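Sequential numbering from 1 applies to the sequence shown in the working numbering. For reference, the structure discussed in these notes is given below.
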Amino acid sequence: MNPNKNRLIMYLIMFPGFGIMGFGSCSEYALDRWVCWIIGIIMVIVAFIWGVKKIRCPYCNLLLNMKITYSMKCPRCQARLDNIK
């Protein structure tokens with residue numbers, strides 16, 4: 001799978017996790033606050049693990065940067081990453 005699509009999936013999991021944690025911080029009830037924080041932290045950790053496992057060059061298996069901007073070439077093997085399906 002294209003590492004840029006995996007990066008998008010990682011951020012689609014991570015940002016709602018931060019949103020759930022923020023929603024929990026605004027809650028009046030302590031139980032709601034802790035439940036939202038735990039769910040949000042789990043989502044962020046799952047997204048980070050997904051990124052470390054999946055955002056790799058399909059040719060040389062180098063971990064690519066995990067910034068929001070997309071990589072067009074692998075820094076090690078210089079393979080094009082934008083035309084992979």
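Note that CB positions come from ideal geometry on N, CA and C, so glycine has one too. As the structure is a computational prediction, the values presented were derived from the model and not from experiment.
Looking at C-alpha atoms only, which residue of the options is the closest neighbour of residue i?
| i | options | result |
| --- | --- | --- |
| S25 | F15, Y11, G40 | G40 |
| I42 | L31, I20, N65 | I20 |
| L12 | W34, W50, N83, L64 | W50 |
| M91 | K54, R33, Y29, E28 | The requested residue 91 is not part of the displayed model; the chain covers only 1 to 85. |
| P58 | M72, C36, R33 | M72 |
| R7 | I84, N65, C74, C60 | N65 |
| G17 | L31, Y29, I38 | I38 |
| C60 | C74, I68, V52, K67 | C74 |
Specify, as a first and last residue, the run of the alpha helix (DSSP H) that residue i falls within.
| i | result |
| --- | --- |
| M10 | 3 to 25 |
What does a CB cutoff of less than 6 Å around residue i pick up in its chain, not counting 5 residues either side in sequence?
| i | result |
| --- | --- |
| Y70 | N4 |
| S27 | R33 |
| D89 | As shown, the chain starts at 1 and ends at 85. That puts residue 89 outside it, with no answer to give. |
In this structure, does DSSP put residue i in helix, strand or coil?
| i | result |
| --- | --- |
| R33 | helix |
| K54 | helix |
Using a Cβ-Cβ cutoff of less than 7 Å, which residues in the same chain neighbour residue i once the five nearest sequence positions on both sides are dropped?
| i | result |
| --- | --- |
| G22 | none |
- Is the region 75 to 83 in contact with the region 35 to 55, if contact means three or more CB pairs nearer than 8 Å? The region 75 to 83, when compared against the region 35 to 55, does not touch it at the 8 Å Cβ threshold.
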